[in-house]
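Working notes for the structure below.
Number of protein chains: 2
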Amino acid sequence: MTKTSKKKATIYDLSVLSGSSPSTVSAVLNGTWQKRRIKESTAALIRDLAETHQYTANRQARGLRSSRSGLIGLLLPVHDNRYFSSMAQTFEAHVRSKGQCPIVVSASRDPEEERRTAETLISYSIDELFICGATDPDGVHEVCETVGLKHINIDLPGTKVPSVISDNYEGGRMLTEAIIRRFPADQPLRADELYLFGGRDDHASRERIRGFRAVKRELLGDDPDGCILPTGYAPNTARLAFEAFYEKNGKLPRALFVNSSINFEGLLRFMAGHPHENFADLTVGCYDYDPFASFLPFPVIMIRQDVEGMITKAFEVIEEGRPQPRIHLISPELVQPRTALTGPLDALKDIG
Amino acid sequence: MTKTSKKKATIYDLSVLSGSSPSTVSAVLNGTWQKRRIKESTAALIRDLAETHQYTANRQARGLRSSRSGLIGLLLPVHDNRYFSSMAQTFEAHVRSKGQCPIVVSASRDPEEERRTAETLISYSIDELFICGATDPDGVHEVCETVGLKHINIDLPGTKVPSVISDNYEGGRMLTEAIIRRFPADQPLRADELYLFGGRDDHASRERIRGFRAVKRELLGDDPDGCILPTGYAPNTARLAFEAFYEKNGKLPRALFVNSSINFEGLLRFMAGHPHENFADLTVGCYDYDPFASFLPFPVIMIRQDVEGMITKAFEVIEEGRPQPRIHLISPELVQPRTALTGPLDALKDIG
DNA sequence: CTTGTTTGCACAATCGATGGTGCAAAGACT
DNA sequence: AGTCTTTGCACCATCGATTGTGCAAACAAG
């Protein structure tokens with residue numbers, strides 16, 4: 000409480016205290032003072048005052064003037080999911096290391112909401128926007144384009160700007176093959192015993208399904224249409240699909256390709272209503288990685304998407320001048336059952 | 000591309016187009032026009048122009064003038080964890096419904112980083128700050144206090160402003176009791192067979208430990224000090240603790256109270272290196288809920304903290320004028336093994 | 001027709017930082 | 001001593017919206 004306890008110091012305050020003009024103070028504190036030939040001693044004085052008065056620049060004012068805000072946005076479908084929250088965590092680290100401020104917002108996979116959210120971010124003059132898992136990336140693109148905002152797609156591709164996405168076809172192949180190979184030669188999996196649940200008509204699902212079908216044909220010789228059940232991404236619609244299958248067939252398929260961890264939660268909900276033992280010999284492949292899921296009582300093979308790789312690539316690409324709208328594929332990783340991988344959290348120090 | 004493709008329309012543009020003054024345009028578009036006695040027809044004309052030119056206010060300018068930004072901040076330890084990402088998801092929904100913009104940032108449980116992050120958010124003139132799981136809430140408080148920023152603590156309490164936290168003592172008791180009661184009368188759990196792993200010297204851990212010890216004394220008649228092993232929150236330090244215990248005793252304790260899902264990941268890492276069968280009769284209680292963890296091959300009893308309840312309460316409290324720095328306890332919920340609960344995602348529509 | 005009131009809006013200062021431009025004082029040079 | 005350069009900084013417009021104030025025109029009252 001030694002001084003002005005309630006209001007933040009401005010360059011005008013420091014200007015009075017230092018006897019210099021506001022522009023001099025500004026130049027000193029934003030680093031352009033050499034260019035403006037400010038004396039070292041003047042600069043030192045001002046830096047000193049800034050320190051003792053805890054000056055920090057008002058970013059709204061700076062942003063208004065310079066039409067840049069220092070904010071970098073990440074548009075996510077949802078937060079509470081390991082995949083997307085890893086995105087957020089990794090993104091944040093990258094943005095912070097560039098000395099900017101991350102702003103992470105979700106838009107619920109709703110195209111309308113996606114555009115509105117982008118508009119909102121734009122009204123804060125964000126400097127760049129990373130569009131992750133958007134249902135309508137090109138819709139968001141329109142919004143960004145009209146104001147000249149740099150942007151890039153992640154996870155789901157658009158057609159107007161570069162996209163950095165998982166190699167879902169390859170991942171789908173890897174996962175399908177790994178599932179099939181778990182079955183011994185004397186009790187091989189039949190083509191009609193391996194089902195794919197979840198996902199919807201988006202690029203990622205389509206590619207995974209393409210990989211799934213290709214490998215089934217190659218290894219199992221057949222690929223019945225009925226084995227593909229896109230349920231959307233909501234856990235409960237997935238649960239209902241499992242419920243319906245079980246109702247009709249008295250059991251689950253011998254092996255499942257589950258399209259995402261959120262869909263996998265639908266499987267859990269289904270299982271909660273049925274005795275444990277019914278699923279003792281089920282084999283599951285899940286396109287997403289979750290450490291706990293990896294240790295479930297039946298074999299769970301997972302795909303871990305390379306979040307760090309995607310974010311890193313996305314930052315590289317967005318820095319390029321006028322990049323082509325091409326798609327950059329990042330290879331995912333197959334994770335065998337009972338595997339506990341490290342994640343972004345391990346990079347943090349723990350001051351236990 | 001019909002019009003000004005590159006720059007956003009401002010009130011000055013609309014002012015020229017409509018033949019009114021900028022202040023009139025401003026008043027019409029921010030809703031204060033009745034107070035300023037603007038004719039309905041004038042207002043209609045301006046609204047119309049705004050619509051066709053896709054006008055949206057520059058929030059930096061507005062914020063600069065009104066020293067409010069429409070941003071509400073949430074300071075988190077980390078993103079990629081179900082508990083905190085649920086916080087983010089729930090927080091976002093609340094903020095959005097108030098017509099404001101959420102800004103969620105993590106600070107890695109580092110007191111220094113927490114303060115710096117708060118400073119940064121303040122430089123954007125955020126309107127309120129929710130401090131969640133901060134290692135040093137009172138440090139962040141100082142920062143907020145000097146600029147008169149409304150703030151509140153969640154998950155970990157501070158002493159200067161109200162805090163909304165889980166009832167960790169009660170939760171610790173519930174979980175401990177549930178663990179103990181899982182053992183049959185003929186093979187009861189002994190006091191030296193139930194260990195607590197994880198957490199550190201923060202309010203939440205202390206309260207949970209207090210509940211743990213109280214119930215052990217009440218039900219098991221004893222409470223050996225050696226059964227408490229705070230390992231910090233990093234998964235790997237927890238893993239090492241399990242490793243060390245196993246090394247020394249040739250097995251894990253019969254029952255574990257694991258302080259958080261992040262610590263639980265440490266247990267998984269430990270398990271990955273050992274044969275499955277070694278843990279067939281392990282009983283685990285975990286203070287956090289994760290649907291996949293709930294279905295692991297050994298009984299896992301979990302505590303789900305009431306994230307929705309905490310956020311709701313926090314918004315209530317922060318709206319009050321000068322609230323007392325008291326602690327509001329929100330009861331958590333005990334979750335039996337093999338339970339798949341719904342979460343914030345279920346509130347979203349899925350346009351599958 | 002004059003005075004008083006209401007209606008409808010324009011004007012201008014302001015928020016805090018930025019950056020182009022101008023200009024006095026100090027130093028260099030002939 | 002007079003001219004030219006360099007140094008060191010102040011001045012001021014600007015970004016876009018908000019808001020207190022003032023004032024003409026329209027209308028009402030007497």
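If you're matching them up, the sequences are chains C and U in order.
Count the first sequence with numbering that gives the first Met the number 0 and you get residues 0 to 351, in order.
Count the second sequence with numbering that gives the first Met the number 0 and you get residues 0 to 351, in order.
Every residue gets a Cβ at the ideal spot worked out from N, C-alpha and C, and that includes glycine.
| message | Based on DSSP bridge pairs, tell me the residues matched to M301 (chain C). | response | C:C285 and C:V334
| query | Would T31 (chain U) be called buried (16 or more neighbouring beta carbons within 10 Å of its own) or exposed? | reply | exposed
| Going straight from the alpha carbon of V139 (chain C) to that of M86 (chain C), what length do you get? | 19 Å
| query | When you check each C-beta in the segment 172-184 of chain U against every C-beta of chain C, which residues fall closer than 8 Å? | reply | none
| query | Taking only beta-carbon atoms, is H52 (chain U) less than 8 Å away from chain C? | reply | no
| task | Please go through the segment 160-236 of chain U and give each complete alpha helix (DSSP H) segment of 4 or more residues, from N-terminal end onward. | result | 167-180 and 202-214
| request: Find out if the Cβ-Cβ distance for the pair T89 (chain U), V104 (chain U) is shorter than 8 Å. | output: no
| task | Mind checking which residues open and close the beta strand (DSSP E) that includes G62 (chain C)? | result | Per DSSP, G62 (chain C) belongs to no beta strand (DSSP E); it is in the alpha helix (DSSP H), R58 to S65.
| message | Taking 7 Å as the limit between beta carbons, can you name the residues of its chain near T3 (chain U), skipping five residues before and five after? | response | For T3 (chain U), the pLDDT reaches just 40, beneath the cut-off of 50, and the residue's location in the model is therefore unreliable, although a value from the coordinates is still provided. Answer for T3 (chain U): no residue qualifies.
| Quick one, are the C-beta atoms of I362 (chain U) and G284 (chain U) less than 8 Å apart? | As shown, chain U starts at 0 and ends at 351. That puts residue 362 (chain U) outside it, with no answer to give.
| task | Determine whether the Cβ of E113 (chain U) lies closer than 8 Å to any Cβ atom of chain C. | result | no
| task | Check whether the Cβ of G320 (chain U) lies closer than 8 Å to any Cβ atom in chain C. | result | no
| query | Which first and last residues belong to the alpha helix (DSSP H) in which E127 (chain C) is found? | reply | Run containing E127 (chain C): none in the alpha helix (DSSP H); it sits in the beta strand (DSSP E), E127 to C131.
| field | Minimum Cβ-Cβ distance from G30 (chain C) to chain U less than 8 Å | value | no
| How is H78 (chain U) classed by DSSP in three states: helix, strand or coil? | coil
| request: Closer than 6 Å by C-beta to G157 (chain U): which residues in its own chain qualify, once you throw out the five before and the five after it? Chain order, please. | output: P136, D137 and H140
| message | Between N57 (chain U) and chain C, is the shortest Cβ-Cβ distance under 8 Å, so that the two count as touching? | response | yes
| task | Could you tell me the distance, in whole angstroms, from the CA atom of G210 (chain C) to the CA atom of N29 (chain U)? | result | 52 Å
| message | Runs of 4 residues minimum, wholly inside the segment 0-57 of chain U: which ones carry the alpha helix (DSSP H) assignment? | response | 10-17, 21-29 and 39-51
| query | Whose Cβ in chain C lies nearer than 8 Å to the Cβ of H48 (chain U)? | reply | Reading off the sequence, residue 48 (chain U) comes out as Leu, not His. Chain C residues near L48 (chain U): none, gap ~17 Å exceeds 8 Å.
| field | Closest Cα partner of E111 (chain U) within the set U:I130, U:S19 and U:T134 | value | U:T134
| query | Is the number of C-beta pairs between the segment 96-103 of chain C and the segment 158-173 of chain C that are closer than 8 Å three or more? | reply | no
| message | Rounded to whole angstroms, what is the Cα-Cα separation between T341 (chain U) and Q33 (chain C)? | response | 58 Å
| field | Beta-ladder partner(s) of P101 (chain C), from DSSP | value | C:I71
| What span of residues does the alpha helix (DSSP H) with L277 (chain C) cover, start to end? | One detail in the question is off: residue 277 (chain C) reads as Asn in this sequence, not Leu. N277 (chain C) -> no alpha helix (DSSP H), and no H or E assigned at all.
| request: Would you mind reading off the limits of the alpha helix (DSSP H) that contains V257 (chain U)? | output: First-last for V257 (chain U): A254 to V257, but that is the beta strand (DSSP E), not the alpha helix (DSSP H).
| request: Answer yes or no: does any C-beta atom of chain C fall closer than 8 Å to that of A292 (chain U)? | output: yes
| request: Could you please tell me which residues of the segment 83-95 of chain C, in chain order, have their CB closer than 7 Å to any CB of chain U? | output: S84, S85, A87, Q88 and E91
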